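Each protein sequence line maps, in turn, to chains A and B.
With our numbering applied, the first sequence corresponds to residues 1 to 107, in that order.
With our numbering applied, the second sequence corresponds to residues 1001 to 1164, in that order.
Where is the CB? At the ideal position from N, CA and C, for every residue including glycine.
Since the structure is predicted, the reported quantities are computational estimates derived from the model, not experimental observations.
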Amino acid sequence: MAFNARISMPAEARAGDIIEIRVLTRHPMDRGGQSDGKGGTVPRKILNRLTATYAGEAIFRLDMYTGVSANPFVSFTTRAVETGDIVFEWREDGGAVYTRAARLTVT
Amino acid sequence: MSLPISPLSRPSEPAPSRRDIVVGTGVGLGLAALPSSALAATLPALPELIARLTEGAVPERGRITLEIPALVENGNSVDARIVVESPMTEADHVRWIHLIAEKNPFLDMARFHLGPRSGRAEVATTLRLATSQKVTAVAALSTGGYLMSDVDVVVTLSACIDGG
């Protein structure tokens, strides 16, 4: 499988709490430039952007370049405001988009 | 004077004449100019890169911590954590944090965009490092200032060699 993501964060939090969200992604993050054996080079194919949206607004964005490792790990924080899904969207070179969501219950 | 260790470290025998100094300086200048311009063509200097990010402003040191191991066995995956002391309010928050590796083939590694809803300015990721080098984190504040921190990292097994 070329892409897979494991999101770990608390399932519930009190309003106003700051929660840490950790995302481990499975992706080769191929930086390109190697010979393809036919006189050309392999194009770059990495996840170039991760956006997290929660309660109607992008709360976090990570722009990734070739300096991010294969199977990248990312962690960031957000303040719990309301019960809802945190939607993660990855954009890959070539235009593919992957989406995952995790539910946060706010008490 | 101690004993010379190698022929290179041996002091020159006679005292230099004025002519030697004049000629030597000319040669030295010629030699010195060549490598620096050649280096500048391949590797832009770190201050220039930072100036490009901050649009000319000089970032302050302090209030930002870049946690990265000083000795890395495998450059293919290096844990890095950046913490900025900031209240993260609407008026005063960190806009973004940018990571630079001065000797990677592609110097920009990642940029984290944060906002007041982040709660804390604390992010982590895994990086690729091509060789032993200085890793720099630059943070942009909503108040207009910039912060920076850098760490010298020694990489035993570099990324970009085994194709991984």
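With distances taken between CB atoms, is the gap from residue i to residue j smaller than 8 Å?
i, j, result
"N1076 of chain B", "S69 of chain A", "yes"
"G16 of chain A", "Y54 of chain A", "no"
"P72 of chain A", "T1136 of chain B", "no"
"V1094 of chain B", "L1141 of chain B", "yes"
"P1069 of chain B", "M1148 of chain B", "no"
"V1078 of chain B", "L1157 of chain B", "no"
"M1109 of chain B", "G32 of chain A", "no"
"I19 of chain A", "P28 of chain A", "no"
"R61 of chain A", "H1113 of chain B", "yes"
"E1085 of chain B", "R1063 of chain B", "yes"
"A13 of chain A", "A101 of chain A", "no"
"I1097 of chain B", "A1139 of chain B", "yes"
"T77 of chain A", "R1120 of chain B", "yes"
"R1111 of chain B", "D30 of chain A", "no"
"T1143 of chain B", "K1103 of chain B", "no"
"S75 of chain A", "V1123 of chain B", "yes"
"V1154 of chain B", "L1053 of chain B", "no"
Can you find a CB in chain B that lies within less than 8 Å of the CB of residue i?
i, result
"F3 of chain A", "no"
"I82 of chain A", "In the sequence on display, residue 82 of chain A carries Glu and not Ile. No, its Cβ sits nowhere closer than 8 Å to a Cβ of chain B."
"E57 of chain A", "yes"
"R79 of chain A", "yes"
Taking 8 Å as the threshold (beta carbon to beta carbon), is residue i in contact with chain A?
i, result
"A964 of chain B", "The shown model of chain B, from 1001 to 1164, leaves out residue 964 of chain B, and the question about it has no answer."
"R1120 of chain B", "yes"
"D1092 of chain B", "no"
"A1101 of chain B", "yes"
"M1148 of chain B", "no"
"L1141 of chain B", "no"
"R1200 of chain B", "Any answer about residue 1200 of chain B is impossible in this case: the structure gives chain B only from 1001 up to 1164."
"R1052 of chain B", "no"
Just the chain A side, please: which residues come within less than 7 Å of residue i by C-beta, in chain order?
i, result
"L1127 of chain B", "G67, V68 and S69"
"R965 of chain B", "Outside the displayed range of chain B (1001 to 1164) lies residue 965 of chain B, so it cannot be described from this structure."
Find the residues of chain B that neighbour residue i, judging by a C-beta separation of less than 7 Å, and give them in chain order.
i, result
"M64 of chain A", "A1110"
Quick one: list the residues of chain A neighbouring residue i, beta-carbon separation under 8 Å, in chain order.
i, result
"S1077 of chain B", "S69, A70 and N71"
"L1114 of chain B", "F60 and F76"
May I ask whether a heavy atom of the ligand ATP can be found less than 7 Å away from the beta carbon of residue i?
i, result
"L1053 of chain B", "Inclusion of the ligand ATP in the displayed structure is not the case, the ligand content being empty and no account of it being possible."
At least three beta-carbon pairs within less than 8 Å, the segment 45 to 63 of chain A to the segment 79 to 95 of chain A: By the C-beta criterion, the segment 45 to 63 of chain A is judged to be in contact with the segment 79 to 95 of chain A, since at least 3 inter-stretch pairs fall below 8 Å.
Under 7 Å (Cβ pairs) to chain B, residues found in the segment 6 to 32 of chain A: Going along the segment 6 to 32 of chain A in chain order, one finds I18 with a Cβ nearer than 7 Å to chain B.
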